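Chemist: The structure under discussion is supplied below as structure tokens; questions concerning it will follow.
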Amino acid sequence: MEWEDLLFQFLSGLTTCMIYFLIAAGLTLILGVLKILNFAQGGIYMLGAYTTYTFMRLFGGSNLGFLLTLIIAPTVVAVFFCILEVLLLRRFYEKPALYVLLITYGVLIATYDMARMIWGWIIKTAPMPAMFQRPVEIFGRFFPLYNVFLISMGFFMFFLIWFVIHKTVWGKMMRAAADDREMTAALGINVPLVFTSVFGLGAWIAAIGGALVAPMAGMAADMGIEAGIIAFIVVVIAGLGSLPGALLAAFICGEVQAFGILVLPELAIAFMYLVLVIVLIVRPWGLFGKPVIIK
Amino acid sequence: MKLKITLSVLMSSVIIFALILAIPGSVLVATAKPLPPIKIGIVQSVSGMVSDFALEDVEGFKVRIDEINEKGGVKTKDGLRKIKLIVRDNKLKPDIAVKNAKSLILEQKCNFLVGCISSSCTLAVSQWAKENKALYWCWDARTHHATGSRGHRYYFRSSGNTWMNGHAAAYYFKDKPYTRWGFINPDYSYGRSQFESFVHGMKEFKAGVKVTEQWPKLGTTDFTPFITALMAAKPEMIYSSLWGTDAMTFIKQSKGYGLFKKMGYVGLFHGMPLLRPIGQEMVEGIYALTEAPFVYPGPPENRAFYDAYKDRTGKLPSDYSVLGYNAATFIVAGIEKAGTAETEALIDALETVCIDTIAPAGRICIRKCDHQSDYGICIGKTVRDPKWPWFVLKDIEIIPGAPTMRSCEQIMDERAKTK
Amino acid sequence: MQKVEVVLSKTNIWVLITVAFFAVFPIWAPVMWKHLTTEIFIIALFAISLNMILGRGGLPSFGHACFYCIGGYTTAMLMIKLHLPFTIALIAAPIVAALFATIIGYFSVRLTGLHFAILTLGFGQLVWAIAHKWYSFTGGDDGITGIPVPTALQGITPYYYLVFAILIVCLILIWMIQNSPFGITITAIRENHERVTFSGLKVWHYMLLNFVIAGFFAGIAGSLLVILERSVFPDFGYWTTSAGVVLMAILGGVSVFIGPIVGAAIITLLEHYISVYTFYWQMVLGCLIIILVMFMPGGICGFIQDRIKGRKA
């Protein structure tokens, strides 16, 4: 095993990390502010991928078309889910968490069939844009340029969201509403609107994740189910509501798997669950979460 | 308390509700015709990960049955009988597949069962069929255990199995100059089965050694760590039983790493079901194994088959559609030979029935001792073709099925041991 | 334990009528309905066991299917690998399930609401992953099939009666537990756990015991299903099974004792029949769930109960 192999394994793990992060970041944001576990997050990711497929076919798979798609497709999906949030979820924020969980579960399985009804049963893939079709050379070996793009986009999204949460007025409203809904409302802020916008932002991040994955993977309607579980595990390891935690947890999961399969390839499926179990036993509220033991 | 009143009222309502739902189901039995139709129950994964292929199986089957029904039905000793198909969705879960089987045989009174694309479903339904003495014909699921150690009188399979596939591939490569093999297979029973079969064949034919094995789970979106791990071991050839979105994703992502420039790749069942959706993103020069490669126009019988299929459904058949079509052809041949759809007589007839399928496989027969067909598998290399929006296979060679099957004695031994 | 008084009230007569109905049901019902009803009995037991945690305890458990799964696998493995008779397997299964419930519950019950849901979901998935991956021990995704049925239970009718009898016994036991001082304490904890803490009781001990008992009964249900289906698969423990049984409890009504039974019956029948009429059963089910939660959060029984109360008032 040469050290370049290890470097490449690290870079591959980083790619995985960014995909996990994009799926999980939206979920943790929604959890942190709205205090709900959005089962439908995986479905949003899946619809992001499918919508990207449609738009890229519309724009002919060109470079410009890809950039346009990256702007339009996730926005379309996010708007759709904002509407769903207003119609279905708004009235349940004061009720026990269970009802929202079930509604989002219903939405998840409905989106699965929705994708099959709109796009059909056959597996699909979005064309790889021309500008990414040549690889990058690192120490004499090829590394896909698209992966470099994906990793950069992952970091970019992290900083973008962090900036929004900590440096904008909107972010301030989010944090206030997360801490104390009643007080925030008493200050005259339209809390339901803030919640809808946060839900939309969370959906948008997941849809971008799906959009970025579309040219590099095949897609089937059930990709959302698997993505949902990954998002969930990452969020649990990270600590509910923590964005840096999500990045770190995604990083741990990605790299543990990447290096784990070099040593013990038969256990590939198990690595993520092993990390989960250790966290659940040692620190059940996650790496960056706040301890919430009562009793 | 009033709870208890509601209990009983509700219980009764639920029962009435169930009755109302059940009645339309039972009305499906056609009684107006003078000769009742033969009812075939199809257990298939209509929803779930593999649904597009599963539906191609069903479509191929249905095309053949439609052809028969248009001629008036299948010839039995009482006269022509039409065939009616009832499809049930097993949601890719083996326990639901068993429920489907129960519903089709016990409730819908089907004559026999067909179906399953997933190995765990076929094993589960096979077990039920054995206990309830219902004939069950498998058209696509490949675990060799189903006709091997867990086979029995009531189970037939018209496709090849994992043992045959792996050994055929190893046989093909035994004289080729590749010795270092890397493996990537989905981590579930089908992937394991294909892996074990090829490794066994590899040892038997001295076709090479294993230098690495990777086990991504089904539905992996990101193969990049597996790709780099595979490449780090520097194999000369990669053997892959990935299918569906996994195969598509793996190939797309591997291109970026230059994998196909450094090593060869052999893909099991990388035929039309993959080539058509992946389109121009495919890679040239990789080996693909499939039972029914798309060759058009090919020999006149092939062309006739493809044209007729396209006329009927509006699209060209995929490899799985051919499998479904073959299954129907076998069954119809069996019914005509037995003169009846009675289970025991039909089984006896099916044990020795042969059919003709598209080239290069040609004639395929059921082997009496284990009810496994001797369908050979073809191997070819992918190449771009200006006539089609997808890649096709060239330099196709067929490896006949019979030499790759285990002997009847070995199978009977295994069955005895499993008891 | 309080003495259970038998009163020949109107409601008890209705109960007897329902029991009698199901007792004679197999005599005239077609085979498929017997299978379905037996399955409904088993799922109903599973759903009621969940409701001990969810309805009574007020904690949303999304990993309950893992005890069901563990009960099933214990039975299957004891019978296939050790060739033990069904009676022993049926007793062992809930005990093993309860053991796992003790471990998982120990980590979970000290948290509430969302955290509890997430933790139970996580542990449930872990159990599933082990069952799915540990091919040599559990058979992996092929599951374990061909589980032998004791000769006395061959055929659906004798098994129907056995399951029915076990269901009745379990329901009586659960009813008694929930109306005992222990059960009343659980309800008190759900409504105001701080007050219960102030009265000197260790709240989480009670919640843990409740969790373990619920796991025990889920193990029985899993064990019974294994004989009905003659097989067990890792998907018994997948999170969608847990979500499904939560749905049944809510559909029927979590605050009514027989709510989960009604929910189990309706969902099982729907799942059986929806996919007969359409390939897009998940769209139908998804919309049903949404409509149900939005318009009938008390479940069907709760809804009817409110209407009856409303009329009386």
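Chains as they are written, first to last, in this note's numbering: chain A, 1286 to 1580; chain B, 2 to 420; chain C, 727 to 1039. Glycine included, C-beta positions come from ideal geometry on N, C-alpha and C. All values reported here derive from a predicted model rather than from experimental measurement.
Kindly identify the DSSP beta-bridge partner or partners of Y266 (chain B).
Modeler: Looking at the DSSP assignment, Y266 (chain B) forms a beta bridge with B:I239.
Chemist: If I'm right that R89 (chain B) touches G42 (chain B) with Cβ under 8 Å, what's the distance once you round it to whole angstroms?
Modeler: Yes, R89 (chain B) and G42 (chain B) are in contact; Cβ-Cβ is about 7 Å, under 8 Å.
Chemist: Can P38 (chain B) and K85 (chain B) be called in contact, C-beta distance under 7 Å?
Modeler: Yes, these two residues count as a Cβ contact at 7 Å.
Chemist: Along chain C, in chain order, which residues have C-beta atoms closer than 9 Å to that of P1412 (chain A)?
Modeler: Near P1412 (chain A) there are no residues of chain C at all, since even the closest Cβ is about 29 Å away, more than 9 Å.
Chemist: Using a Cβ-Cβ cut-off of less than 9 Å, give me the residues of the stretch 217-250 of chain B that come near chain A, in sequence order.
Modeler: Residues passing the 9 Å Cβ filter: P217, K218, L219, G220, T221, T222, D223, F224, T225, P226, F227, I228, T229, A230, M232, A233, A234, G245, T246, D247, A248, M249 and T250.
Chemist: What does the alpha-carbon distance come out to for the pair F1427 (chain A) and G286 (chain B)?
Modeler: Taking the straight line from one Cα to the other gives about 19 Å.
Chemist: What do you get for I821 (chain C), buried or exposed, if any count of 16 or more other CB atoms within 10 angstroms of its CB means buried?
Modeler: By the 10 Å Cβ count, I821 (chain C) comes out exposed.
Chemist: Residues in the same chain with beta-carbon distance under 7 Å from M2 (chain B), minus the five sequence neighbours each way, listed in chain order, please.
Modeler: The predicted position of M2 (chain B) is uncertain, since its pLDDT is 49 and thus under 50; no value can be drawn from it.
Chemist: So the alpha helix (DSSP H) I41 (chain B) belongs to, where does it begin and stop?
Modeler: Note, I41 (chain B): premise wrong, no alpha helix (DSSP H); beta strand (DSSP E) at I39 to Q45.
Chemist: So V267 (chain B) packs on Y240 (chain B), CB below 8 Å; how close in whole Å?
Modeler: With a Cβ gap of about 5 Å, V267 (chain B) and Y240 (chain B) count as contacting.
Chemist: Could you name each continuous beta strand (DSSP E) segment of 3 residues or more that falls completely within the stretch 136-213 of chain B, going from the start of the chain to the end?
Modeler: If we require 3 residues or more, the beta strand (DSSP E) runs fully inside the stretch 136-213 of chain B come out as 137-139, 156-158 and 181-185.
Chemist: Does the stretch 383-390 of chain B come close enough to the stretch 150-169 of chain B to have 3 or more Cβ pairs within less than 8 Å?
Modeler: Flag = no, the stretch 383-390 of chain B and the stretch 150-169 of chain B do not touch.
Chemist: Count the other CB atoms within 10 Å of the CB of W965 (chain C); is the residue buried (16 or more) or exposed (fewer)?
Modeler: Flag for W965 (chain C) reads buried.
Chemist: I need the straight-line Cα distance from W391 (chain B) to I279 (chain B), nearest angstrom please.
Modeler: For W391 (chain B) and I279 (chain B), the distance between alpha carbons rounds to 7 Å.
Chemist: Please list the terminal residues of the continuous beta strand (DSSP E) segment that includes E1379 (chain A).
Modeler: Segment: none, E1379 (chain A) is in no beta strand (DSSP E) and carries neither H nor E.
Chemist: To the nearest angstrom, how far is the alpha carbon of Q904 (chain C) from that of I830 (chain C)?
Modeler: Approximately 22 Å between the Cα atoms of the pair.
Chemist: Cutting at 7 Å between CB atoms, please list the residues of its own chain near A749 (chain C), excluding the five before and the five after it.
Modeler: Once the five neighbours on either side are set aside, A749 (chain C) has no close Cβ partner at all.
Chemist: Terminal residues of the continuous beta strand (DSSP E) containing D90 (chain B)?
Modeler: Where D90 (chain B) is concerned, the enclosing beta strand (DSSP E) stretches over I84 to D90.
Chemist: Rounded to the nearest angstrom, what separates L107 (chain B) and A1415 (chain A) at their Cα positions?
Modeler: Taking the straight line joining both Cα atoms gives about 57 Å.
Chemist: Around the Cβ of T291 (chain B), are there at least 16 other Cβ atoms within 10 angstroms (buried) or fewer (exposed)?
Modeler: Result: buried.
Chemist: Since I believe G265 (chain B) is in contact with M238 (chain B) (beta carbons under 8 Å), could you give me their beta-carbon distance rounded to a whole number of angstroms?
Modeler: About 4 Å separates the two Cβ atoms, so the contact holds.
Chemist: Using beta carbons (cut-off 7 Å, strictly below), is Q906 (chain C) in contact with chain B?
Modeler: The question names Gln, but residue 906 (chain C) is Ser in the sequence shown. So no, S906 (chain C) is outside the interface.
Chemist: Are the C-beta atoms of S46 (chain B) and some chain C residue less than 7 Å apart?
Modeler: Taking Cβ atoms only, chain C never reaches closer than 7 Å to S46 (chain B), which makes this a no.
Chemist: Classify S322 (chain B): buried if its beta carbon has 16 or more other beta carbons within 10 angstroms, exposed otherwise.
Modeler: S322 (chain B) is buried by the Cβ-count criterion.
Chemist: Contact criterion: CB-CB distance below 7 Å. Does P187 (chain B) meet it with respect to chain A?
Modeler: It does not: the Cβ of P187 (chain B) has no partner Cβ on chain A nearer than 7 Å.
Chemist: Is the beta carbon of I1546 (chain A) closer than 7 Å to that of A234 (chain B)?
Modeler: Result no, Cβ atoms of A234 (chain B) and I1546 (chain A) do not sit closer than 7 Å.
Chemist: Applying the 10 Å Cβ sphere with the 16-neighbour rule, what's the burial state of F1440 (chain A)?
Modeler: The residue in question, F1440 (chain A), is exposed, as its Cβ has fewer than 16 Cβ neighbours within 10 Å.
Chemist: Do A125 (chain B) and A147 (chain B) have their C-beta atoms closer together than 7 Å?
Modeler: Against a cut-off of 7 Å, the Cβ pair of A147 (chain B) and A125 (chain B) comes out as no contact.
Chemist: Per DSSP, which one or two residues make a beta bridge with T383 (chain B)?
Modeler: T383 (chain B) is bridged to B:L394.
Chemist: Per the DSSP calculation, F1428 (chain A) is bridged to which residue(s)?
Modeler: According to DSSP, which records beta bridges pairwise, F1428 (chain A) is partnered with A:V1421.
Chemist: Taking CB distances under 7 Å as the criterion, tell me whether S1107 (chain C) reaches chain B.
Modeler: The structure shown does not extend to residue 1107 (chain C), since chain C spans only 727 to 1039, so no value can be given for it.
Chemist: Rounded to whole angstroms, what's the CA-CA distance from I992 (chain C) to G1391 (chain A)? Just pull it up for me.
Modeler: I992 (chain C) and G1391 (chain A): Cα-Cα distance of roughly 17 Å.
Chemist: What residue from C:S1001, C:F924 and C:G784 has the CA that sits closest to G839 (chain C)'s CA?
Modeler: Closest by alpha carbon: C:G784.
Chemist: So with CB distances below 8 Å, who are the chain C contacts of Q128 (chain B)?
Modeler: What Q128 (chain B) touches in chain C: T871, G872, R956 and S957.
Chemist: Out of B:V296, B:H271, B:R158 and B:E60, state which residue places its alpha-carbon closest to the alpha-carbon of A360 (chain B).
Modeler: Of the listed residues, the one whose Cα sits closest to A360 (chain B) is B:V296.
Chemist: Going along chain C, which residues have a C-beta under 8 Å from K94 (chain B)?
Modeler: By Cβ distance, chain C contributes F959 and D961.
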